[in-house]
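Adding 28 to a residue's 1-based position in the sequence shown gives its number in this note's numbering. Cβ coordinates follow ideal geometry from the N, Cα and C atoms, glycine included.
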Amino acid sequence: MSRRLLLAILLLALFTTMCGCNRTLFSESNKDKTQFDSYDMIRHGPKINEQPNEYGLPEPAIRNRLGRHRR
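1. N81 to E56, Cα distance in whole Å?
2. Can you tell me whether E82 is helix, strand or coil according to DSSP?
3. Please report how far the alpha carbon of M46 lies from the alpha carbon of L40, in whole angstroms.
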């Protein structure tokens, strides 16, 4: 009886360790996100950090970031 129980526990432990962790729980792309970033993304769309100036060079999008609405 105890031999069967030990074998069953061993097989269960082996099965759970081999099949339990296929991928990471938190992906690298969501690493920097907070609940506030997720809310802003759903509510206002993606953040606009840079925009091209009149010469085509990127510059900080200050008006978009400090304005009331991002769009």
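Looking at the atomic coordinates:
1. Position 53 of the sequence shown holds residue 81. Position 28 of the sequence shown holds residue 56. Each residue's alpha carbon lies about 32 Å from the other.
2. Position 54 of the sequence shown holds residue 82. Three-state result, E82: coil.
3. Indexing the sequence shown from 1 puts residue 46 at position 18. Indexing the sequence shown from 1 puts residue 40 at position 12. The alpha-carbon atoms of M46 and L40 are separated by roughly 10 Å.
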